[in-house]
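Following: one structure in structure tokens, then a few remarks.
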Amino acid sequence: MAMRSLFSVRRLKKETTTMSIGRVSSQFASNQAVSLLQGNQQRLATIQERVASGKNIIRPSDDPLGTTQLLGINVAIRDDDQFIRNIQDALSEIDSSTGALNNVTDLINRASELATQASTITSGSTNLSAIENELNLILDQVVQVGNTSLGGRYVFGGLQTQSAPFTRTGDSVVYSGSASSGSNARQIEVSSGSLVTINVPGDSIFGDVTSTGAPELVSGGSGLIRTLAELKQNVRDGDKDGVRARLDELKTSLSTVLNAQAKLGSVNNRLELTQNRLEGRKSVLSQQYARIQDIDLPKMLSDLNYQQQVTQASLGVTGKVLTQSLLNFI
Amino acid sequence: MSTPAFFGFYNAQRGLIAAQAGLDVANHNISNANTPGYTKQRLDLTQATPYQTPTPGSSLIYQFGQGVTVNAITRVRDTFLDTQFRQETANSGALDVKKDIFNQVEDVVGEPNDTGLANGIQQLFNAIQDMSNRPESLASRSAFLQQATDLTFQFQQQGKQLLDLHRNLVGTNGNATSLTTSQLGLSVDEINTHLANLAAINEQIGTVVSSGGNANDLQDKRTVILNELATLADVTVTEQPNQQVQVDLGGQTLVKGRFVVDTLTVTANTGINADAVPGLITTTIGAVDITAGLTGGKLKGILDATGLDGAIKNVYQTFTDLNTVFDQLATAFNAVQQAGRDLSGTQRTPPDPSADIFSLDPAYVSGPKLAFYKVNQALVDAPQTIALAADDPTATANFAGPGDSRNAKAFGALRSQGFVPLGSQTFENFHQTLVARLGTNTKSFQDRSASQKGLLQQLEGRQSSVSGVNMDEETIDLVKFQQAYQASSRVIKTYNDIFQAILSMV
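So the protein sequences, as listed, match chains A and B.
The numbering used here puts the first sequence at residues 404 to 733.
The numbering used here puts the second sequence at residues 103 to 608.
Rendered as structure tokens:
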């Protein structure tokens, strides 16, 4: 009986029903001792399993509610991981678009300087042909920037990411990317169901130009590229009024580029803010996960220690009680 | 007033016999102290009929005690506790089996775990996000197909394990051999063997009792068999006049006296979705279906866990749940695939099964489709044919370009969509519900089985407190009867001395 009361102190799992028995048969006493010892060892094994795995929930029946919570939290954490990955992907693309647009502002500024110079130089000067040559190079560079690619993907081509959006033949530059009037947005998911557009279509920034004849004359097109082609033509012709008109157009182009940069900048900010928010949420979720799933190690170790002592004590007591017999005394 | 000359000798002799019987009973008890089912036996002693003698010259009649008589050797048993014990054994048998089965189902489902289905579904949708970020990348498309292949394998693996478990328990429909070698069939065989043994023991007991004996040890053996029988099925045991018993199950008499009246057989059902419903238990004679009459025992446990108990999600339902969710997933993915345009702008019109993501084996006829799905090899060979671009009527040739990932987003949106076959839940919620329900069921069986064990132990303790052998008690009996024997011997010696004295006077 002393043995039983010792066993019933602080149980980890099920309480085996204690009973009051007047007469104890020898077989029952040993069976009971075996089952109590096994109970102790099972509890010891349970604690050891938890300590070894570091987990509270190993199978759903350990804690059905906790299991569903864990599954839910796990989904949210992995989602956030994925969204953060999406954002980082997008940020690197926005970086390269913004970098490209910085180059364009430099080129526009240089073109404006050249135009200002050209408006003051008398016609027929050799300097004019030098300016014309440089403008030709600038046009080339603008086309090159328009064809910026990142990891094999053309960033200004809209949804036509596989082929270079701008092709220059003579003084004609054709845009073959997605038109800004049609489907052109590349979007990424930054949190459940929320999409962010991360590109600007090339035609809205760079425009295009068609030129015919020899020397080539601009006959159509729009935007920065047309302005540059026309400026080159004006310089060649010594058309100072034309050059001045182009100077105004270059200002408009500059503000178009700056607007696009501002737009990308705000997307960039939004992505960074979202990333911070996601990372914050992820750490909260990870804490929640840990609260449910991670064992309380100090408590477990003290339980383990306690259970070891109980097991030892019960072995000792069992050894003493079971060997008691009248036969020892007669 | 006198007694016959040898009166004292006989008196002492009866004392010797009683003491020896006492020693024999104690000896038997001690020897069987550890025999399962043994009931402590007790020596029933009474005083012998007294010797009456009239006194010459007096009206008084004297009674001289004639010592002791061995009345009987009886079995110390509380039969009411036996009945209770059998009932609880049957309950425990059912719960134990259900607990074991559900533990196995938990092992198969394997949540929460980094390698479970929940994780697999998650990985699949993450792969879609990666594709959506880079629709031009063949690498991300291949990664998605690899995830889809892994997930298919995981689903099929779990499905197969569950189906195997179900069939191991109740056999495969339409396969008679599998039915007899199933757990259910083997349990029924075991019951029939017990029935035969019971009838044989009943016969022996009848013989002993009719010749006026006490069949103590045979009764103990029978109790053991009855308890084993109770683990398998909740039999009703009725005592008959000559200490024989009648055994009934589900309202049908199986054993009566020395005859096996009826045995059990398992018959597979023949319904359309026959795999779902376990085999039925019928009696051989008259073919009465007693399945519904079962309330406990291993039989009931197996049948409950495989489809008889509508309140729990049984093994087969867990399998069909997996089948339903995967079938829905495959169907939904294929529909989105057919609606979009692939990397070269091609759309399948009319829908072309050869471009499906999850293709169904042409060998499929009917029933659960899970095992017949596989990721389309044509797509694995040419991942550019995954339709990630939308069908866009505003674009040239309805194709906005290889950077279009709008259809990839349609794939991604499947994740948060509720589907009618899944009770309007998403794939993941449906799976979570399944896991939660499994956990709750298993925990309930674990808890109930543990408390039932406690109850059984309590009953066993009570029974053993009545019928068990206590060594100290028996040792005391040994000493007691040894002393009685010695004392009786001394009495004989005393009478002998007296006789010697008398004879020496002659």
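C-beta atoms are modelled at their ideal positions from N, C-alpha and C, and glycine is treated no differently.
* To do: Provide the residue span of the alpha helix (DSSP H) that contains B:L147, from first to last.
  => For B:L147, there is no enclosing alpha helix (DSSP H); the enclosing beta strand (DSSP E) covers residues 143-149.
* Asked: By how many angstroms is the C-alpha of B:T577 removed from the C-alpha of A:L440?
  -> Using only the alpha carbons, I get a separation of about 28 Å.
* Asked: Apart from the five residues on each side of it in sequence, which residues of its chain come closer than 7 Å, Cβ to Cβ, to B:D574?
  -> There are no such residues.
* Starting from the C-beta of B:A407, find all residues in its chain whose C-beta is less than 8 Å away, skip the five residues before and the five after it, and write them out in chain order. => Closer than 8 Å at the Cβ level, and outside the excluded window around B:A407, lie V199, K200, I203, F204, L271, I414, N416, V417.
* To do: Select from the segment 558-581 of chain A all residues with a C-beta closer than 9 Å to any C-beta belonging to chain B, and list them in chain order.
  => Within the segment 558-581 of chain A, those residues whose Cβ lies closer than 9 Å to any Cβ of chain B are, in chain order, G560, G561, L562, Q563, T564, Q565, S566, G580, S581.
* Closer than 8 Å by C-beta to B:A586: which residues in its own chain qualify, once you throw out the five before and the five after it? Chain order, please. => If we look at B:A586 and ignore the five residues flanking it on each side, its Cβ neighbours are G117, A120, A121, G124.
* Asked: Within the 8 Å Cβ cut-off, does A:I497 reach chain B?
  -> Judged by the 8 Å Cβ criterion, A:I497 is not in contact with chain B.
* Asked: Helix, strand or coil: which one does DSSP assign to B:K471?
  -> Looking at B:K471 - three-state DSSP - the assignment turns out to be coil, as it is neither helix nor strand.
* When the Cα atoms are used, what is the spatial distance from B:A480 to B:T448? -> Those two C-alpha atoms are separated by around 15 Å.
* Is there a Cβ from chain A that is less than 8 Å from the Cβ of B:A586? -> Answer no: the Cβ-Cβ gap between B:A586 and chain A never drops below 8 Å.
* Apart from the five residues on each side of it in sequence, which residues of its chain come closer than 8 Å, Cβ to Cβ, to B:K323? -> Excluding residues within five positions, the ones whose Cβ falls inside 8 Å are G139, I303.
* Asked: Which bits of chain B does A:T470 rub up against, with CB to CB less than 8 Å?
  -> Near A:T470 (Cβ distances below 8 Å), the residues of chain B are E213, P214, V537, A538, G541.
* To do: Show which residues of chain A have a CB atom less than 8 Å away from the CB atom of B:S567.
  => Going along chain A in sequence order, the residues near B:S567 (Cβ under 8 Å) are I424, G425, R426, V427, S428, F431.
* To do: Take B:D146 and list the residues in its own chain whose beta-carbon comes closer than 8 Å to its own, dropping the five residues that flank it on each side.
  => Excluding residues within five positions, the ones whose Cβ falls inside 8 Å are V172, N173, A174, I175, T176.
* To do: Check each residue of the segment 587-599 of chain A: if its Cβ is closer than 8 Å to any Cβ of chain B, include it; give the result in chain order.
  => Taking 8 Å as the cut-off between beta carbons, the residues of the segment 587-599 of chain A near chain B are N587, R589, Q590, I591, E592, S595, G596, L598, in sequence order.
* Asked: What runs of the alpha helix (DSSP H), each 4 residues or longer, lie entirely inside the segment 193-255 of chain B?
  -> Here the runs fully enclosed are 219-235.
* Asked: What are the boundary residues of the beta strand (DSSP E) that A:T578 is part of?
  -> At residue 578 of chain A the sequence reads Tyr, which differs from the Thr that was named. Annotation: the continuous beta strand (DSSP E) that includes A:Y578 extends over 575-578.
* Asked: Counting only beta-carbon atoms, is B:A589 nearer than 8 Å to chain A?
  -> No, its Cβ sits nowhere closer than 8 Å to a Cβ of chain A.
* Asked: Should B:F255 go down as buried or exposed, given a rule of 16 or more other Cβ atoms within 10 Å for buried?
  -> Burial call: exposed.
* To do: Would you tell me roughly how many angstroms separate the C-alpha atoms of B:I132 and B:L320, rounded to the nearest one?
  => Approximately 18 Å between the Cα atoms of the pair.
* Could you tell me which of A:V720, A:T470, A:I541, A:S532 sits nearest to A:T630, measuring between CA atoms? => Comparing Cα positions, the closest option is A:I541.
* State the Cα-Cα distance for the pair A:N716 and B:G218, rounded to the nearest angstrom. => In the sequence as displayed, the identity of residue 716 of chain A is Ala instead of Asn. C-alpha of A:A716 to C-alpha of B:G218: approximately 41 Å in a straight line.
* **Contained alpha helix (DSSP H) runs [length at least 4] in the segment 450-492 of chain A, N- to C-terminal order** => Those alpha helix (DSSP H) runs which fall completely within the segment 450-492 of chain A and span 4+ residues do not exist here.
* Asked: What are the residues that DSSP puts in a beta bridge with B:K476?
  -> Paired residue(s): B:S461.
* Report all residues from its chain with a CB closer than 7 Å to the CB of A:L730; omit the five preceding and five following residues, and keep chain order. => Result list for A:L730: empty, nothing under 7 Å.
* Under 7 Å between beta-carbons, which chain A residues line up against B:K545? List them in chain order, please. => Within chain A, the residues near B:K545 are S464, P467.
* Using the C-alpha atoms, what's the distance from B:N294 back to A:L474? -> A straight line joining the alpha-carbon of A:L474 with that of B:N294 spans about 47 Å.
* Mind listing which residues of the segment 471-503 of chain B have their C-beta closer than 7 Å to chain A's C-betas, in chain order? -> For the segment 471-503 of chain B, which is checked against every Cβ of chain A, the residues closer than 7 Å are D494, T496, A497, A502, G503.
* Find out if the Cβ-Cβ distance for the pair B:L264, B:F421 is shorter than 8 Å. => With respect to the 8 Å criterion, B:L264 and B:F421 are classified as neighbours on the basis of their beta carbons.
* Asked: Can you tell which of B:A434, B:P453, B:V211, B:R188 has the C-alpha that lies nearest to the C-alpha of B:F257?
  -> Minimum Cα distance to B:F257 is reached at B:V211.
* Asked: In whole angstroms, what separates the C-alpha of A:T523 from that of A:R649?
  -> One Cα belongs to A:T523, the other to A:R649, and the distance between them is close to 14 Å.
* Asked: According to the neighbour-count rule (16 or more other Cβ atoms, all chains shown, within 10 Å of its Cβ), is A:K635 buried or exposed?
  -> Answer is buried; the Cβ neighbour count reaches 16.
* **Length at least 3, wholly inside the segment 529-557 of chain A: the beta strand (DSSP E) runs in chain order** => If we require 3 residues or more, the segment 529-557 of chain A turns out to have no beta strand (DSSP E) run fully inside it.
* Going along the segment 719-732 of chain A in order, which residues come within less than 7 Å of chain B, judged by CB to CB distance? -> Listed in sequence order: S728, L729, L730.
* With DSSP as the reference, please indicate the residues paired to A:D697 in a beta bridge. => For A:D697, DSSP records a beta bridge to A:K458.
* Beta-carbon separation of A:T372 and B:V537 under 8 Å? -> Missing from the structure shown is residue 372 of chain A; chain A here goes from 404 to 733 and no further.
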